[in-house]
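Below is one structure, written out as structure tokens; the observations come after it.
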Amino acid sequence: MPGVHALTLSAAGVQIYPQLEERVAAAARDDDGPTPRSDTAAVPSDGAVVSARLLRCSFGLPALDELIGGGIPQGTSTVLAGSLGVGKTLLALHFALAGIAAGERMVYLSLRESRAQLRQTTAGLTLDAPLLAALAAGTLHFLALLPIKVEPDILADRLIGVLAEVQPQRLIVDSITEIEDAVSTSPAPARLREDLAALLHLLNQQGVTTLFLKEIRQAVAATLDFSAEPLEVLAENVLLAQQVTAQGQLHRIISVLKLRYSAHDTALREFTIATPAGIVVQPDQASLFLRHLADEQETQRREE
């Protein structure tokens, strides 16, 4: 295989880890790559899908599921972008546990938190007992890797092994930012787009519904531009969680920036983090803050 590949030396000998994109390309050329499992439904790459017929993966949050047309289309990849502290990990846990409640297997790849830290996220919430039960039963396979000197191809090899072992229907990557940084600081930073494209192709071929968490610096959607971000361009779906300060209070807002293959609601939804429920997404028109914001925008429009 061409390219620069990772290599490790240990008492067991030499281990070579091919570049993920070369590995996926070679499998495609040989036509012996992974095929979708019978318990999943990969989305056709040509996009010729009627949204009403799509199988959906629920967040277990009715107002959020309504926003995205009933749930994330099965077999697609979704970026959940948001600023620090907005609640991305908690949203991801709702997504994970909704899948487990539906009888699905789940892999949670964490490059930020240990198992104990993940448990702290749900302490005092109704999510805690289901999370503990899923970890104990193995229906939620938790893979934690230190975000120190992350080697993207070694990480990809570990992930491929876990996917083969667990055969999950859902995967959470918390967060993709560490992987992007690892590729960008590697000897071949220009391979970032191809590396991410290979990862998404691999997951699509296996019919895995993936949620990538992504850290962003900007807080307001109007200032965001994802056109130069490879993953946001390649992924089928992009959700944005924002924190907005108004009248001395912090408000959390979630919206859909992109949902391929499916119709979706373009409105904003306010959500809160409450005890013991966890994430609570307000139904349409239920948020006084958003109604006030809409009234202000309408007033400004009329004055222009």
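One point on numbering: in my numbering, the residue at position 8 of the sequence shown is 9, and numbering is uninterrupted.
For each residue, glycine too, the CB sits at the ideal point set by N, CA and C.
{"Asked": "Can you give me the start and stop residues for the beta strand (DSSP E) that serine 84 sits inside?", "Found": "It is not in any beta strand (DSSP E) - serine 84 carries neither H nor E in the DSSP assignment."}
{"Asked": "Since leucine 80 and proline 169 are thought to touch, with beta carbons under 8 Å apart, how far apart are those beta carbons, to the nearest angstrom?", "Found": "Position check: residue 80 holds valine in this sequence, whereas leucine was assumed. Contact doesn't hold; Cβ gap of about 19 Å is too wide."}
{"Asked": "Pick from Ser78, Arg116, Thr77, Ala93: whose alpha carbon is nearest that of leucine 65?", "Found": "Ala93"}
{"Asked": "What would DSSP say about threonine 77, mapped onto helix, strand or coil?", "Found": "coil"}
{"Asked": "Using a Cβ-Cβ cutoff of less than 7 Å, which residues in the same chain neighbour histidine 202 once the five nearest sequence positions on both sides are dropped?", "Found": "Val25"}
{"Asked": "Any idea which residues DSSP pairs isoleucine 280 with across the strands?", "Found": "Ile274"}
{"Asked": "If you drop the 5 nearest sequence neighbours on each side, which residues of the same chain put their C-beta closer than 6 Å to that of alanine 198?", "Found": "Leu235"}
{"Asked": "Can you name, in chain order, every residue of its own chain whose Cβ lies under 6 Å from the Cβ of phenylalanine 213, other than the five neighbours on each side?", "Found": "Val80, Val174, Ile177"}
{"Asked": "Let me know the secondary structure DSSP gives phenylalanine 290 once reduced to three states.", "Found": "helix"}
{"Asked": "Measure the alpha-carbon distance for alanine 53 versus glycine 162 and round it to whole angstroms.", "Found": "Interpretation of alanine 53 is limited by its pLDDT of 48, a score under 50 that renders its predicted location unreliable; the figure taken from the coordinates is listed afterwards. Those two C-alpha atoms are separated by around 34 Å."}
{"Asked": "Would you kindly check if the distance between the Cβ of glutamate 237 and the Cβ of threonine 90 is under 8 Å?", "Found": "no"}
{"Asked": "Note the first and the last residue of the continuous alpha helix (DSSP H) segment covering histidine 202.", "Found": "193-206"}
{"Asked": "Looking at glutamine 244 and valine 87, is the spacing between their C-beta atoms short of 8 Å?", "Found": "yes"}
{"Asked": "What would DSSP say about glycine 14, mapped onto helix, strand or coil?", "Found": "strand"}
{"Asked": "Is histidine 252 helix, strand or coil when you go by DSSP?", "Found": "strand"}
{"Asked": "Kindly list the residues whose CB is nearer than 7 Å to the CB of valine 51, restricted to its own chain and excluding five residues on each side of it in sequence; keep chain order.", "Found": "Low confidence applies to valine 51: its pLDDT is 46, below 50, so where it sits in the model is not reliable enough to give any reading."}
{"Asked": "What does DSSP give as the partner residues of glutamine 244 in its beta bridges?", "Found": "Arg253"}
{"Asked": "By DSSP, does glutamate 105 sit in helix, in strand, or in coil?", "Found": "coil"}
{"Asked": "Got a sec? Which residues, its chain only, sit under 6 Å from valine 239 by beta carbon, not counting five neighbours each side?", "Found": "Val80, Glu233, Leu258, Lys259"}
{"Asked": "Looking at the structure shown, is serine 52 part of a helix, part of a strand, or coil, going by DSSP?", "Found": "For serine 52, the predicted model reports a pLDDT of 49, less than 50, meaning its position is unreliable; a value from the coordinates is still stated below. Of the three classes helix, strand and coil, the one that applies to serine 52 here is helix, per DSSP."}
{"Asked": "Could you compute how far the alpha carbon of serine 115 sits from the alpha carbon of phenylalanine 143?", "Found": "9 Å"}
{"Asked": "Using the beta-carbon count (16 or more within 10 Å), is glycine 125 buried or exposed?", "Found": "exposed"}
{"Asked": "Note down the Cα distance separating glutamate 195 from glutamate 22, rounded to an integer number of angstroms.", "Found": "6 Å"}
{"Asked": "Closest to alanine 278 by CA distance: which of Arg192, Ser187, His95 is it?", "Found": "His95"}
{"Asked": "Would you tell me roughly how many angstroms separate the C-alpha atoms of leucine 84 and lysine 215, rounded to the nearest one?", "Found": "Correcting the residue identity first, residue 84 is serine in this sequence and not leucine. Cα to Cα, the separation comes out at about 8 Å."}
{"Asked": "Could you give the C-beta distance for leucine 204 and isoleucine 180, rounded to a whole number, given that I count them as a contact under 8 Å?", "Found": "With a Cβ gap of about 13 Å, leucine 204 and isoleucine 180 do not count as contacting."}
{"Asked": "Go through its chain and collect everything with a Cβ distance to serine 111's Cβ below 6 Å, but skip five positions before and after it.", "Found": "Ala145, Asp175"}
{"Asked": "At the level of alpha carbons, what is the spacing between proline 188 and valine 281?", "Found": "44 Å"}
{"Asked": "For glycine 14, is the classification buried or exposed, using 16 other Cβ atoms within 10 angstroms of its Cβ as the cut-off for buried?", "Found": "exposed"}
{"Asked": "Where does isoleucine 255 land, buried or exposed, given buried means 16+ other C-beta within 10 angstroms?", "Found": "buried"}
{"Asked": "Any heavy atom of the ligand FMN closer than 7 Å to the beta-carbon of aspartate 154?", "Found": "Ligands are entirely absent from the displayed structure, and the ligand FMN is therefore not among its contents."}
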